[in-house]
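Every letter in the sequence shown is one number past the one before it in UniProt numbering, and letter 19, counting from 1, is 19.
Quick reminder that beta carbons are idealized off the backbone N, C-alpha and C, glycines included.
Data first, discussion second: the structure below is written as structure tokens.
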Amino acid sequence: MMQGYKNVERVKPSGLELVDKLVGVQRVTKVTKGGRAFGFSAIVVVGDGNGVVGHGLGKSKDVASAIAKAIEDAKKNLVRIPILEGTLPHEQKGKFGGAKVFIKPASPGTGVIAGGAVRAVLESVGVHDVLSKSQGSSNPHNAVKATFNALLQLRSAAAIAKQRGVSLEKVFNG
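Structure (structure tokens):
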């Protein structure tokens, strides 16, 4: 998932106080000649509320171990997202499968205007003021991945200045 993005900074989970949020649990059924075999899949988002976030999927025969597996998977996929004064540096669109997500920075005091899976990701990142719109599929797996797609494309002004080899003032004033 993290391949193909230029500015992705991977983070190790050691030393971080990570909080996990359960996005969704699905019961899946496999029909065999002996009857139906039930299993569960869980999608979880973990974050430290300060720009570090990851998501994971866990599958098992019971819910508790599916969630535990999802948390372990999420801790392996931690990335750092640029946050600017409790909001995002700029607006961004993300797409994965049939899910499309649009996230936009908001003024202080707005809160997190997002639903379901997108809200879980944005709260785990530590964004306090943001507007978002989810279009297309509402599948939580694809919505989480579309949100990550948008977040991984975000760049701070300092990163753009460094990449271009110019001063921060020149980025804004041209």
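TODO: Determine which residues share a DSSP beta bridge with R10 and list them.
DONE: V79
TODO: Could you have a look at K170 and say whether DSSP puts it in helix, strand or coil?
DONE: helix
- [ ] Starting from G47, follow its DSSP beta bridges and name the residues at the other end.
- [x] V19, V53
Task: Same chain, Cβ closer than 6 Å to T110, five either side skipped, listed in chain order - done: D129
- [ ] Rank G94, K12, L168 by C-alpha distance to the C-alpha of V118 and give the top, closest one.
- [x] G94
Task: Separation of L78 from G56, as counted between CA atoms - done: 10 Å
- [ ] Take the Cβ of T87 as the centre, count every other Cβ of all protein chains shown within 10 Å, and call the residue buried at 16 or more, exposed below.
- [x] buried
TODO: Return the chain-ordered list of same chain residues with a C-beta closer than 6 Å to the C-beta of residue 208, the five sequence neighbours on each side being excluded.
DONE: Past the boundaries of the shown model lies residue 208; the chain is included only from 1 to 174, so the question cannot be answered.
Task: Beta-bridge partners of P105, as assigned by DSSP - done: V130
Open item on the list: Give me, in chain order, the residues of the same chain whose beta-carbon lies closer than 8 Å to that of A74; leave out the 5 immediate sequence neighbours on both sides.
Closed with: D20, V44, V45, V46, G54, H55, G56
Task: Separation of D48 from P105, as counted between CA atoms - done: 20 Å
Open item on the list: Quick check on R164: does DSSP put it in helix, strand or coil?
Closed with: helix
Open item on the list: With H, G and I counted as helix, E and B as strand and the rest as coil, what does DSSP make of G116?
Closed with: helix
Open item on the list: The beta strand (DSSP E) that contains K93, what's its start and end?
Closed with: 92-96
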